[in-house]
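Student: Residues 178 to 750 (my numbering) are what the sequence shown spells out, left to right. Note that CB positions come from ideal geometry on N, CA and C, so glycine has one too. None of these values were measured; they are calculated from a predicted model. I'd like to ask you about the structure that follows.
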Amino acid sequence: MNRKRRAEELRSHRWYGVRDLRSFGHRSRTKQMGYAAEDYSGKPVIGIINTWSDINPCHTHFKERVEEVKRGIWQAGGFPVEMPAMSLSEPFQKPSTMLYRNFLAMETEELLRSYPIDGAVLMGGCDKTTPALLMGAITMDLPALFVPAGPMLRGNWRGNTLGSGSDVWKYWDEKRTGTIGECEWEEIEDGIARSPGHCMTMGTASTMTAAAEVLGMTLPGASSIPAADSGHPRMASMSGRRIVEMVWEDFKPSDILDERSYEDAVTAVLALGGSTNAVIHLIALARRSSVPMDLGRFDEISRRVPVLANIRPSGEYLMEDFYYAGGLRGLLYRLEEMLHLGRVTVSGQAMGETLTGVYDDEIIRPLDDPLQEEGGLAVLRGNLAPDGCVIKHSAADQRLLRHTGPAVVFDGYDDLAGRIDDPNLKVDADSVLVLRGAGPIGAPGMPEWGLIPIPRKLLERGVRDMVRISDARMSGTAYGTCVLHVAPESHVGGPLALVRDGDEVELDVAKRRLQIKVDERELSRRRDAWRPPPRPYGRGYGAIFAGHVTQANEGCDFDFLAEGASIPEPEIH
Ligand code: FES
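What follows is the structure, given as structure tokens:
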């Protein structure tokens, strides 16, 4: 350890170390909690931001893991302080956890700022918790380290492997067509989530925890360890030991994160066939680090990075298999020539020093035998999405990647739910399903509604994929030819607001194009006639959100969080 700071230079010294009235209060109240001066005096205070909650199934083990993190902190001579923060529980929180990502980012930043914290351990994993915790910690820029929740074990139904999300959509369609019945559906419900941990497909959780590791914000290998594996608590206590050293070294996110880290994270996300949500989160994170990241950069990298991870929904296997095959360190080893391996990570080692081998070429494919030649995500533009949109083409029906068809338009989810299975709906397999009013402000919170269901009458005819377009997001565990994140969203007058039933819509992924074939004069007439709908939330947090959230192509951060004058350390009087 390269010790750069003395105890008197710790941030917490201002609370504990001076001899005045206020510091008397801080010391006496710490003693009230049962700690003697020997427990905390002159030691780094480590804030553990814990997103455990009784309503977050992905974080059920955090009650125990936090004790393991604390064990490591005590061992290394630190003083652990657990700080619960809002848990963004993907299955339960409505209308969408995305509405609250910035809330948790802000909470993380303010918890770290307003208390005597010298360094932070961030405990998250369920989808938006990872970007939220990192966004707050990056802005606060205290030594910080991320402890990923780890994926849950494989699901199982009558000997068939089940993957979170992906197999729910698959068997739901089977149930809608009557191929399976209520009994089978209940058995699937019993077997799909068998242990603590986040979704074990390459959904947003696995994608973003991997991104956190590639950025350099976790210990090497941490993101691939299944939550139920004994390696997971060992990683947690090691993280506790390491954060104390990081405080003495004054080793902060700004020492770790630069343009190279974000490029490497994008490269890895693409090679993983990762979630489309990563586009929004990585842009938001990069901008917090003052790194200029945009959709164009994503697309550029996507054209040269193949998909190597054979994980659902793009591939066949699950995170548990990926871990046994070498995990993220194995994948990065395969990508070596495309990465910046000299970059330092929270471990203090360079990224290149921490790579391992690959133990199963079927699961982590070699560069000369990829799952797909091109990265799993493409950025499209055109008169329907002037500021861009994305498609996970690795998880789409390849026949539909160049397609023109008539639009069938739905205004918001209620309209969609009310009409999609109507036998009289004018729709066929060539139609393009369009959902609007589902963006950051319109929904609000840009829910994962982008996997528009296939109309039942087409499902019954064997149709399993169609071109679908929306200003919503889609679960990273989902699959299908879904064009997402159309920007600007319809609620603010983006061209999606102007589409009408029957308009011809052209998708051409190879040309990165999304066009509505309506002439500009007609579009301009429609634009003049368009009136903004009322904001969904008139007061409270929802109103703050609508007033300040940026569009998807800009990362959906709040304008006032992404930039602005620096904030001084709090006064202590
Ligand atoms: Fe938590 Fe999927 S529900 S990660």
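1) Among the candidates ALA448, GLU477, GLU530, whose CA atom is the shortest distance from the CA of LEU508?
2) Can you tell me where the beta strand (DSSP E) holding THR581 begins and where it ends?
3) Should SER341 be counted as a contact of the ligand FES given a C-beta to heavy atom distance under 7 angstroms?
4) Of all residues in the structure, which have a C-beta closer than 6 angstroms to any heavy atom of the ligand FES, taken in chain order?
5) Along the beta strand (DSSP E) that carries PHE239, what are the first and last residues, could you check?
6) To the nearest angstrom, how far is it from the Cα of LEU516 to the Cα of GLY408?
7) With burial defined as no fewer than 16 other Cβ atoms inside 10 Å of the residue's Cβ, what is the status of GLN692: buried or exposed?
8) Can you tell me which of ARG698, PRO430, ARG353, GLU186 puts its alpha carbon nearest to the alpha carbon of ARG641?
9) Around the Cβ of PHE594, are there at least 16 other Cβ atoms within 10 angstroms (buried) or fewer (exposed)?
10) Write down the C-beta distance between VAL609 and ALA572 rounded to the nearest angstrom, noting that I regard them as a contact closer than 8 angstroms.
11) For ALA527, collect the residues of the same chain with a Cβ closer than 7 angstroms to its Cβ; drop the 5 residues on either side in sequence, then sort them by chain order.
12) Following the continuous beta strand (DSSP E) through ILE693, name the residue where it begins and the one where it ends.
13) Would you decide whether LEU198 is buried or exposed? Buried here means 16 or more other CB atoms lie within 10 Å of its CB.
14) On the DSSP bridge assignment, give the partners of ALA486 in chain order.
15) Among residues of its own chain, excluding the 5 on either side of SER491, which ones have a beta-carbon nearer than 8 angstroms to its beta-carbon?
16) Going by C-alpha distance, which of GLY622, PRO630, GLY619, GLY614 is nearest ASP599?
17) Three or more C-beta pairs under 8 angstroms: does that hold for the segment 649-665 against the segment 334-352?
18) Between the segment 243-259 and the segment 351-366, do three or more beta carbon pairs fall short of 8 angstroms?
19) Please classify THR356: is it buried, with 16 or more other beta-carbons within 10 angstroms of its beta-carbon, or exposed?
20) Can you check whether the CB of ILE433 is closer than 8 angstroms to the CB of GLU731?
21) Please identify the residue among LEU628, LEU675, SER467, ARG419 whose C-alpha is closest to the C-alpha of ARG437.
22) Flag this pair as yes or no: are the beta carbons of ALA729 and HIS662 separated by less than 8 angstroms?
23) Tell me whether ARG180 is buried or exposed, calling it buried when 16 or more other Cβ atoms sit within 10 Å of its Cβ.
24) Do ALA389 and LEU288 come within 8 angstroms of each other at the CB atom, strictly closer than that value?
25) Select from ARG677, MET496, VAL682, TYR500 the residue whose C-alpha is nearest the C-alpha of ARG579.
26) How would you label ALA664, buried or exposed, when you count the other beta carbons within 10 angstroms and need 16 or more for buried?
27) Using CA atoms only, rank isn't needed, just tell me which of HIS236, ILE232, LEU577, GLU245 is closest to PHE269.
28) Kindly indicate which three-state DSSP category TRP362 falls into: helix, strand or coil?
29) Quick one, are the C-beta atoms of PRO747 and ARG290 less than 8 angstroms apart?
30) Please state the DSSP three-state secondary structure of GLN526.
31) From the DSSP output, in three-state form, read off PRO563 for me.
32) Whole angstroms are fine: how far does the CA of MET412 sit from the CA of GLU244?
33) Measure the CB-CB distance between PRO221 and ASP318 and report whether it falls below 8 angstroms.
34) So for TYR494, helix, strand or coil by DSSP?
35) Output needed for HIS238: all residues of its chain with C-beta closer than 6 angstroms, excluding positions within five of it in sequence on either side, in chain order.
36) For LYS634 and ILE597, I'd like the C-alpha separation in whole angstroms.
Tutor: So, to answer that:
1) Cα-wise, what sits closest to LEU508 is ALA448.
2) 579-588
3) yes
4) Contact residues of the ligand FES (beta-carbon closer than 6 angstroms to any heavy atom; chain order) are CYS235, GLU267, PRO268, CYS303, ASP304, SER341, HIS375, CYS376, GLY380, ALA382.
5) Per DSSP, PHE239 belongs to no beta strand (DSSP E); it is in the alpha helix (DSSP H), 239-252.
6) 27 angstroms
7) Buried is the call here.
8) ARG353
9) Here the sequence assigns Ala to residue 594, which means Phe is not the residue at that position. With fewer than 16 Cβ atoms within 10 Å of its Cβ, ALA594 is classed as exposed.
10) Their Cβ separation, rounded to whole angstroms, is 18 angstroms, which puts VAL609 and ALA572 out of contact at 8 angstroms.
11) Closer than 7 angstroms at Cβ, skipping near neighbours: LEU518, GLY519, ARG520, VAL521.
12) According to the DSSP assignment, ILE693 belongs to the beta strand (DSSP E) that extends over 690-693.
13) exposed
14) Per DSSP, the beta-bridge partners of ALA486 are ILE541.
15) For SER491, where only same-chain residues beyond five positions count, the Cβ hits under 8 angstroms are MET379, GLY450, VAL484, LEU548, GLN549, GLY553, LYS569, SER571, ALA572, TYR656.
16) Nearest of GLY622, PRO630, GLY619, GLY614 to ASP599, Cα basis: PRO630.
17) yes
18) no
19) exposed
20) no
21) SER467
22) yes
23) exposed
24) no
25) VAL682
26) Counting Cβ neighbours within 10 Å, ALA664 comes out buried, since at least 16 surround it.
27) ILE232
28) helix
29) yes
30) coil
31) strand
32) 12 angstroms
33) no
34) strand
35) PRO373, ALA404
36) Annotation: LYS634 to ILE597 spans about 9 angstroms, alpha carbon to alpha carbon.
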